[in-house]
Every structure is written in C-alpha cells, then in structure tokens.
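Please read the structure below before turning to the comments.
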Amino acid sequence: MEQQTKTLTKALIKNSSNPKLAWQLFKRTLSTPNPPLYSIPPLTRILLHSQMLSEIHTLHSFLLSLSPQISLPSQYTLVKLVATYGYIHDAISLFKSTRSHLPHQPPPNVSLYNLLMHKSLKFDGPNFLSWLYKDMISACVSPVTYTFNLLIDGLCNSNRLGDARHLFDVMRDKGCQPNEFTFGILIRGYCEFGLPLEGLKLLDMMKMMGVCPNVIIYNTLIASFCKKGDVDEAERLVERMREDGLVPDVVTFNSRISALCNSGKILEASRIFRDMQIDEVFDLPRPNVVTFNLMLQGFCERGMLEDARTLTESMKKDGIFFNVQSYNIWLCGLVKNSKMLEAQSVLKEMSENGVAPTIYSYNIVIDGLCKNGMLGDAKMLMSLMVSDGKFPDTVTYSTLLHGYCMKSKVTEAKNILHEMMKRGCIPNTYTCNTLLHSMWKEGKISEAQQLLQKMNERGYGLDIVSCNIVIHGLCRTGEVDKAVEIVSEMWSHGSAALGDLGKSFMSLVNEDDHGRKCLPDLITYSTIISSLFREGKLDEAKKKFLEMMGKKLYPDSIIYNTILHHLCKRGKVSSAFQVLKDMEKKGCNKSLRTYNSLILGLGSKNQIFEMCGLMDEMREKGISPNVYTYNIMTSCLCKSGRTEEAISLLNEMLQKGIIPNLHIFELLITSYCRNGEFRPAQEVFDIALSICGHKEALYALMFNEYLAGGEILEAKQLLETALEQRVDLGSFLYKDLIDKLSKEDNLDSAHDILTRMMDIGYAFNPASFMPVIDGLRKLGNKQEADELAERMLEMVSEGKVGNKAYQNYRELNRVKRSKYGGDGWQAIVHRDDGSAAALKNLKRVQKGWGQGSVLSLRTPKNEILDD
Numbered sequence: 001m002e003q004q005t006k007t008l009t010k011a012l013i014k015n016s017s018n019p020k021l022a023w024q025l026f027k028r029t030l031s032t033p034n035p036p037l038y039s040i041p042p043l044t045r046i047l048l049h050s051q052m053l054s055e056i057h058t059l060h061s062f063l064l065s066l067s068p069q070i071s072l073p074s075q076y077t078l079v080k081l082v083a084t085y086g087y088i089h090d091a092i093s094l095f096k097s098t099r100s101h102l103p104h105q106p107p108p109n110v111s112l113y114n115l116l117m118h119k120s121l122k123f124d125g126p127n128f129l130s131w132l133y134k135d136m137i138s139a140c141v142s143p144v145t146y147t148f149n150l151l152i153d154g155l156c157n158s159n160r161l162g163d164a165r166h167l168f169d170v171m172r173d174k175g176c177q178p179n180e181f182t183f184g185i186l187i188r189g190y191c192e193f194g195l196p197l198e199g200l201k202l203l204d205m206m207k208m209m210g211v212c213p214n215v216i217i218y219n220t221l222i223a224s225f226c227k228k229g230d231v232d233e234a235e236r237l238v239e240r241m242r243e244d245g246l247v248p249d250v251v252t253f254n255s256r257i258s259a260l261c262n263s264g265k266i267l268e269a270s271r272i273f274r275d276m277q278i279d280e281v282f283d284l285p286r287p288n289v290v291t292f293n294l295m296l297q298g299f300c301e302r303g304m305l306e307d308a309r310t311l312t313e314s315m316k317k318d319g320i321f322f323n324v325q326s327y328n329i330w331l332c333g334l335v336k337n338s339k340m341l342e343a344q345s346v347l348k349e350m351s352e353n354g355v356a357p358t359i360y361s362y363n364i365v366i367d368g369l370c371k372n373g374m375l376g377d378a379k380m381l382m383s384l385m386v387s388d389g390k391f392p393d394t395v396t397y398s399t400l401l402h403g404y405c406m407k408s409k410v411t412e413a414k415n416i417l418h419e420m421m422k423r424g425c426i427p428n429t430y431t432c433n434t435l436l437h438s439m440w441k442e443g444k445i446s447e448a449q450q451l452l453q454k455m456n457e458r459g460y461g462l463d464i465v466s467c468n469i470v471i472h473g474l475c476r477t478g479e480v481d482k483a484v485e486i487v488s489e490m491w492s493h494g495s496a497a498l499g500d501l502g503k504s505f506m507s508l509v510n511e512d513d514h515g516r517k518c519l520p521d522l523i524t525y526s527t528i529i530s531s532l533f534r535e536g537k538l539d540e541a542k543k544k545f546l547e548m549m550g551k552k553l554y555p556d557s558i559i560y561n562t563i564l565h566h567l568c569k570r571g572k573v574s575s576a577f578q579v580l581k582d583m584e585k586k587g588c589n590k591s592l593r594t595y596n597s598l599i600l601g602l603g604s605k606n607q608i609f610e611m612c613g614l615m616d617e618m619r620e621k622g623i624s625p626n627v628y629t630y631n632i633m634t635s636c637l638c639k640s641g642r643t644e645e646a647i648s649l650l651n652e653m654l655q656k657g658i659i660p661n662l663h664i665f666e667l668l669i670t671s672y673c674r675n676g677e678f679r680p681a682q683e684v685f686d687i688a689l690s691i692c693g694h695k696e697a698l699y700a701l702m703f704n705e706y707l708a709g710g711e712i713l714e715a716k717q718l719l720e721t722a723l724e725q726r727v728d729l730g731s732f733l734y735k736d737l738i739d740k741l742s743k744e745d746n747l748d749s750a751h752d753i754l755t756r757m758m759d760i761g762y763a764f765n766p767a768s769f770m771p772v773i774d775g776l777r778k779l780g781n782k783q784e785a786d787e788l789a790e791r792m793l794e795m796v797s798e799g800k801v802g803n804k805a806y807q808n809y810r811e812l813n814r815v816k817r818s819k820y821g822g823d824g825w826q827a828i829v830h831r832d833d834g835s836a837a838a839l840k841n842l843k844r845v846q847k848g849w850g851q852g853s854v855l856s857l858r859t860p861k862n863e864i865l866d867d
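Number 819 in full-length UniProt numbering belongs to position 819 of the sequence shown; there are no gaps in the numbering.
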C-alpha cells in the first residue's frame, strides 16, 4: 500500500506539466479498495496550478463518499490548499460542504479557521468571517488573539466599527488579551473612519494595560490628525512618541509635511523639510522621494513656482526626480499656473530622460491646453500621444470635448465624440453630459434631444446630472412651467419624466430601476426656485421650497442665499430677514453672498444705518466685503449726499488691496460734480485713471460734468488730454463745448479743437463745424470759413463720421440742446441763412453724404410710374 502510494506520487509529480494526464492516473486508483489518500496533496497542487477547479470539486465529492475517519484529514488538507492558492470562495464552499456532511466529526483546529479568515480578508471575502466565527464557536474551537485580530480587521474593513469595538471589548471574556496588533487594527479603523480622537483613547488604554505602542500606531494617529487639519495634536503625538522611547521615522515626518502643505502652511513644512536634509545636526530621518514629492506638490499648489523649480533642479541633481510621479506633480503645477509652453517642454524632457510619459501625463497637459483655449495644440499633442504608443482614453477625449464646449464649438465637440466612438473608446455619462450641457447652452435644443435619445439607446443611462442639465436648459429658454412639471414627475418616474417634454423626447428613458432612482436633488430645486423667483412667481417658488423640505431634502446655504437674493432684489426685506432666521436655525452660516443680498435689500429702502451695521458685523466675523458690497454701499451713500463717507469706503478698499471697479469711481465723480465740488471730483478721477487706465467712460463722464457745471476751461483742458491719449470721443459732448467756445468769443480755441481732431483722424459729428463756420463768417473771414466747410465735406466723403453720443445726458435734460440740433443732418440741410456755404452743403448732402441712409434725403421713387 505504502509502495503503491509512493509510486503514484512519483508518477503525478513526473506528469505535473500535464495535469490532465495526472488526473487520469489518479482517477484509476479511485475504484481500488484502499485509494492512495497521501497522494492527494501533490495532486491538488497540480490541479490548482492549472486552475482545474471542477476536478477539485470532484475530488472533494470522492472524499465525502469515503469513511470520515479515513478521509476527514484529507478534506481539511484540500480546503487548506485551495485557500492558500487564493480560491477563497471555492475553499469556503468545500469547507461548508464538509461541515454540513460531517457535523458530528471532530472539527478542524483553530489554525484552519484562522487561515480561512486571513485569506477571506486578503482575497475580498470579508462576508465569510461571520459564518466562520459562528461555526468555530458551535464546534467548541477556542479562538485565540490572532483570530480576534482577523475578525476585528474584517469588521473594520466592512465599516462595522461598532461591532469591531464590541468584539474588542468581549475578547478578554474569552480568555484572549489584546496585543499591539489588536490595538493597531482598531485604531486604524477609527482613523480611517475619521475618528482619531477615539483612536487616541485606545492609545491611552494600551499604556494602562501594559501594551507598548509601536511606531506604526503613532504614525497612523499622526496621519489621521494631520488629514483632519489638527496639526497641533499631531505635533503633541510626535513629542509623546519620543517620550515613549520611539524615534519618529520618515513616514511620521511625511505625514506632518503633507498636513502642513494641505493647510497652506508651506513655510512651516519647508522648515521641517530643511531640518530633515541636515539630519547630522538634528538626528532626523532623511527625506525620501515621497518627502520631496510632497514639498514639490505643496509649492506647486500654492503657486510658488520658483521654489518648485529650485526643488526640481535639486532632485535632478540627486537623481531622484526621474520618475513618473515626480514629473506628473511638476506638470500639474505648471498647468495649474498656466505655464503651458514649459509644461509641453517638460513632457518632451520626460522621454529624453528615459521616463515614459503615461496617459495621465498626457492628459494633464491636454487638460491645461484646453482650459487655456489652446485647442489646436491639444489636438496636436493627442496625435503625438498616439505616435508614442499611448492611445487616448475616455478622459483624454472628454477633456478635449469639454474644451470645445467651453469655446461654444458644439460641432467640433460632436466630431470629437464621433472620433472617440470610432476608435472604440466608450464615452461615459460625463462625456455625454458635457456635450448635452453645451447644446442646451447654445440653444441647440433639437440636437440636445437627439443626444438624449442616443444616450438611452446606447445604454449610458441618464443620471441626475443629465436631468438637471435639461431642467436648467428649459428654465433658460423660458419654459419654467415644463421644468416644474418634470421635477414633479421625477419623484414617480425618475429620469423617465423627461418623456413628458414632447414627442421627440418620448421613450428616451426606459422606466427601469435606474430611472426610478434618478430623483431630484438640491441642485434641481435650486434651479427651479431661482427660475421661479426670476420670473416673479414668488408664491410658486415658496411652494417648491416647502415641497423640497417635505421630501427630506433640507436646504443648504446655496438655496437659502438664492431665496434671500431674490427677495432683497424685489425689496421684500422683512421676508428676507425671516428667511435668514430660518437659515441660521438650520445651521447655515451667513456668507459673503448673504450679506451682499441683505445690504442690497436695505439699500433699496435707503436704510443706510442698518447697512453699515451689517458691514460692521461682516468685519467682526472675518468676512471681507468684496467689490459688489462696496458698490452697493457707495451707490446708497452717494444718492443720499454722503459722499465723504463713500470716499472713506474707497480708502478702505485701497488699504485692503481690493481693486475698485469703474462703477464706483463713476458714482463718486458724479456725486461730487452734482454738488459743484469739482476739485475732489478731479482727485477721484486721477485715482481712477491710475487704477482703471485711460477709459473713455471716465474721460467722457468728467468732461460732460465739467461742461454741465459751466467749467468750460477745465472741460477744454480735459478734452485736449483725451485727444493726446487717443481716447474715443463717442460719449463726449464735444459739439456743445465747441458751441459754447464759439459763443464766448473763443473762436480760436474751438477752431483748434476741430483742427486737432481732424489731424489725428477722429471720426466725429460734422455738425460740430457749423458754430465755427458761422463765427468765422460773422467776423468776415469768409475764405477761412469756406475752407473749413470744404474740410468738413471731405471728412464726410471719406466716411469719417461719428454717430454715437448725447443720449444719456440729453434724456436727463442736463445740457441744453445746441442751436444746430443733435446728430441729425436736418439742422444743416434746412439752414436758411443765404450763405453760399450752406447751399454748397445742401448740394453735397443731396449727392449722398451725411448720416443715415442717403435715400432718406431723396424724393421717394415710384417704380410703377417710372416704368
């Protein structure tokens, strides 16, 4: 018998490269009175190595048919080998079969249970742990500490932290004492669940029970506190670690550096990094590649490119930069800071240094090119990527498609989608949603409908993002009622509710489980509520708000701020403050947008005292006002004649480094000038020029205000400055200045202004010539007047005519109309002063020059009569 077994074993091993033959050799022995069970282990290894699992189950069935006293050890050996090879599902199946067929036979020892638990955790079968533990207890097999460690690990991995803690608490009742691994597993579970304080309590318990913590446990806690941003607690743990006689290692320091970089404390992280580099002084661990990459990423994310560049050069010098991860971090940093040419150069450098760029490397640069509008370069880089043997993936195509959509190039985006599918790269829902959003945005409704149809046909499924895009699109096109109807239907039919849009949308979505799960969210209701408010349907907006609450969708600060903004915009300030109370009661804090809305509402009621109170409250809470806040405050103060207080706000803005916009300066200049305070208005004007540049709006406003206030000399000087700066004169009331100068016997100045404007090449209103021409004629300078008239006619014949101006100020009746009218040519054509120049003007006008249509000055032509 023993000789037969040895002979068979040798034959099996000899034919291990031919597992089917080995199996046939063994099968021949199954019918013998005493089958060679000792040959089962080598046979099992041969079958497992060749993945012949069906034969394994056949072998197990054969063992079950034998006497338990003979086959039971072989069955447990078979289970052990199958589990060891990683086939945990088959191993558990075989083990359950053995236990159910032989319930009264001696159970396996604890080591087999531990092996099965360990392999269950390793090969993604944590659900088996509960059954194994129950079977172990029912079989009266006493678990050991290692068993409990495995069970606690499995429970933590399954997010059953409460059960893990309960098992930890009762294991001592089973006669098992927790060791450092037990504590480490549970502490890691707490930390991964975001509860480092609970892990810290376990650390205290360890010391009370006389179990010494190790470096790994400390590092786990330090990393968790760092991740939550509690750097101070992490630092205390480092000191406590040293007190316990443990030396912090590079992992400890990497955790600290990562946390400091994430919280924006780059200088502190850099200090620790430098200390690590000179370890002979501080006895600290030397930084590794991870440390360098953390610092590089920190510098890049904070825009400290020069520091990052210096660090990369240092890493290259030490030979630790030449890896894909470091290059990708550097590429991300360059792209984030819009250094696209350098990023493309670095991508090329990778290949030259023997570091093959990955698809992710190419995608980083392609994403940056698309965001910077360099779509041609992005397309070219994608071609280079293919020639490098890296084929674009879904992310590559989606990025390029998104880039075209951002530029409103929907046709090109559709071509990218077609190319993507042609190359066998399957677009995902995000890809389709990007294109769908762009189509709605561009008003291509029918194309959006077709895309929805194709999305459903190809099985992508419409998610809540797709539904929100459609709802937002309907609201933008004025179909708010249809959008409201869809939202109501979504609660019953999910995304299938889009079928109600019309025939082209019918049967877009199968009313399956996926469709039913696509329910409205906060974004859906925020869109609807905002749109209803925008259309003035306040009662319907309130109903939707209450409906949302009834559906257990509790509003966030975005929805509250949307409601506040629309209420304040419509002057319903008391209602807005009632909403504010509810908002604060729900735990939503006031933000900058909240304050701006309330200040806007109070401004509409001219409640300046209350507005100032809100500004003070903002400062106390550390919320800095923005330009919009200052705009509202400045407008109200100026309208109330409190210009000096408005100037104080301007000074405050400048001190805080907030750049005022043009509107603020316009408000202040207008306020001063209306009060006749032209000197301070000029000072504000000078500040505005230094900040906003030589804008036409500024010059025109100051000039027109000077003119309206009778400050003719200042207006003339400002116009001359504007001419020097080549400022557009479209909004200047320059014709009125020329008229005033001509009337005040300052004909030379008026003539000089016209001459300068013509010499520079301005296109302006030719009617401006008439006061000067008339003035010259009155002085007897007929020849000079005729020459000026000729220049006027030449300017018109060359098309140098400006048609802009005067409307705003004339509507306000702040400037008297000129004797010669506004911009029209009727004032010139219908002059009746008997002068030869006027007759010449009339003839030239009738030949086709002048403002507006030439035909408008001719007798209407009757085509029928002419025929």
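Cβ atoms here follow ideal geometry from the backbone N, Cα and C, with glycine treated the same way.
Please classify residue i: does DSSP put it in a helix, a strand, or coil?
| i | result |
| --- | --- |
| Ala541 | helix |
| Ile658 | coil |
| Leu747 | helix |
| Met241 | helix |
| Cys212 | coil |
| Asn704 | helix |
| Lys14 | helix |
| Pro107 | coil |
| Pro248 | coil |
| Met374 | coil |
Short check: CB of residue i to CB of residue j, under 8 Å?
| i | j | result |
| --- | --- | --- |
| Gln75 | Thr98 | yes |
| Leu186 | Arg165 | yes |
| Ala91 | Val110 | no |
| Lys605 | Gly571 | yes |
| Cys518 | Leu435 | no |
| Ala378 | Ile366 | yes |
| Gly154 | Leu195 | no |
| Lys656 | Ser624 | yes |
| Leu668 | Ala646 | yes |
| Met548 | Tyr525 | yes |
| Met315 | Phe292 | yes |
| Asp249 | Pro285 | yes |
When you compare only the Cα positions, how much space is there between residue i and residue j?
| i | j | result |
| --- | --- | --- |
| Met209 | Leu564 | 57 Å |
| Gln177 | Ala269 | 40 Å |
| Lys371 | Thr670 | 40 Å |
| Val324 | Gly298 | 17 Å |
| Met420 | Leu132 | 49 Å |
| Ile712 | Met374 | 51 Å |
| Cys612 | Ala785 | 60 Å |
| Cys191 | Asn214 | 16 Å |
| Met615 | Asn675 | 27 Å |
| Tyr38 | Leu64 | 16 Å |
| Gly622 | Ala715 | 44 Å |
| Ala11 | Ala22 | 8 Å |
Taking 8 Å as the CB-CB cut-off, is residue i touching chain C?
| i | result |
| --- | --- |
| Asn34 | This model lacks chain C altogether; it includes just one protein chain. |
Which residue comes first and which comes last in the alpha helix (DSSP H) that contains residue i?
| i | result |
| --- | --- |
| residue 881 | Because the chain in this structure spans residues 1 to 867, residue 881 falls outside the shown range and cannot be described. |
| Ser54 | Leu53 to Ser65 |
| Pro427 | No alpha helix (DSSP H) holds Pro427; DSSP gives it neither H nor E. |
| Glu711 | It is not in any alpha helix (DSSP H) - Glu711 carries neither H nor E in the DSSP assignment. |
| Glu610 | Ile608 to Glu620 |
| Ser263 | Note, Ser263: premise wrong, no alpha helix (DSSP H); not H, not E. |
| Tyr190 | Glu180 to Glu192 |
Original post:
Is the segment 728-735 in contact with the segment 765-779, if contact means three or more CB pairs nearer than 8 Å?
Top reply: yes
Subject >> the segment 577-595 in contact with the segment 534-543 per 3-pair CB rule at 8 Å >> reply: No, because fewer than three Cβ pairs between the segment 577-595 and the segment 534-543 fall closer than 8 Å, the two stretches do not touch.
Original post:
Are the segment 700-711 and the segment 719-733 touching by the rule of at least three beta carbon pairs closer than 8 Å?
Top reply: yes
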